[in-house]
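J.: When the count follows this note's numbering, it moves up by one through the sequence shown with no breaks and lands on 220 for the last residue. A virtual CB, placed ideally from N, CA and C, is assigned to each residue, including glycine. My structure is below; once you've seen it, I'll send some questions.
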Amino acid sequence: MNKLRIAGIGMTATAALALTACSGSDTASSGSSSSAPAPAPSSSMAAPSSSMAASDGMTTNADVFGPACSQLPQGSAPGSLDSMGPQPVASAASTNPLLTKLVAAVKATNLVDTLNSQQAITVFAPADPAFAALGDAKFNELAGKPAELSPILQYHVVGKRYDGKGLATAGSVDTLNTAGGPVKIEGSGDNMTINGAKILCGNIPTKNATVFVIDKVLTPGTNK
């Protein structure tokens, strides 16, 4: 994934997220024959078979789980599953009412286009309450220091697309911030944790990523 070309950005965010932690594809298309034209994309996300989902990390609305999923808008309203599904991940997240702080951080580090351009990734997305311990003043300070914030955001992105079952099988996954160490996956289903963070709403499908909304900010170097 080219390490999102953000690996070169400084490690400012590590200190930032250390504070935060206390508070908390388009999957790569299967190779088609060289002569056969690619099928036209459907207007809605195709529903892969369960075996397909297990292998490529793609999910459908029916696969979403977690106590906070009911807080998402319904139908085709902005931020709903139907609305987010066809959009690349950063654009989809910008409409998700659970992720306003994360979206602000992504914008502050100019990563919107970078995330949207990836082909198949997994995103661990801290919900707004995960940033609460920082307070608005500290959060705004960090948002003004993208070189410090970027490594923390990297630690929330995996360069491969996983669904919940795939994460459980893997046990641990490397993020784009390889220096931060692997992220540990424990449990399964509603009892799954990501470095100790609970999943509030998992298996959210977007065009190029599977998203897991979590209740803590993951801190590089603290695999719990």
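Among 190, 133 and 93, which one has its Cα closest to the Cα of residue 223?
T.: Any property of residue 223 remains undetermined from this structure, which presents the chain solely from -3 to 220.
J.: Hey, residue 151 and residue 171: beta-carbon distance below 7 Å or not?
T.: For residue 151 and residue 171, yes; Cβs fall inside 7 Å.
J.: Let me know if residue 211 comes out buried or exposed under the rule of 16 or more other beta-carbons within 10 Å of its beta-carbon.
T.: Flag for residue 211 reads buried.
J.: Determine whether the beta carbon atoms of residue 201 and residue 81 lie at a separation below 7 Å.
T.: It is a contact, given that the beta carbons lie within the stated cut-off.
J.: Inspect the beta-carbon positions of residue 119 and residue 207 and report whether they are closer than 7 Å.
T.: Yes. Within cutoff.
J.: Rounded to whole angstroms, what is the Cα-Cα separation between residue 42 and residue 116?
T.: Caution applies to residue 42, whose pLDDT of 32 falls short of 50 and renders its modelled position unreliable; the value that the coordinates give is listed next. Approximately 15 Å between the Cα atoms of the pair.
J.: Indicate whether residue 104 and residue 142 have their beta-carbon atoms separated by less than 7 Å.
T.: Yes, the Cβ-Cβ distance between residue 104 and residue 142 is below 7 Å.
J.: Let me check one thing: in DSSP terms, what residues is residue 197 bridge-paired to?
T.: Residue 197 is bridged to 209.
J.: Closest to residue 176 by C-alpha separation, out of 182, 97 and 218, would be which residue?
T.: If we check each option's Cα against that of residue 176, 218 comes out closest.
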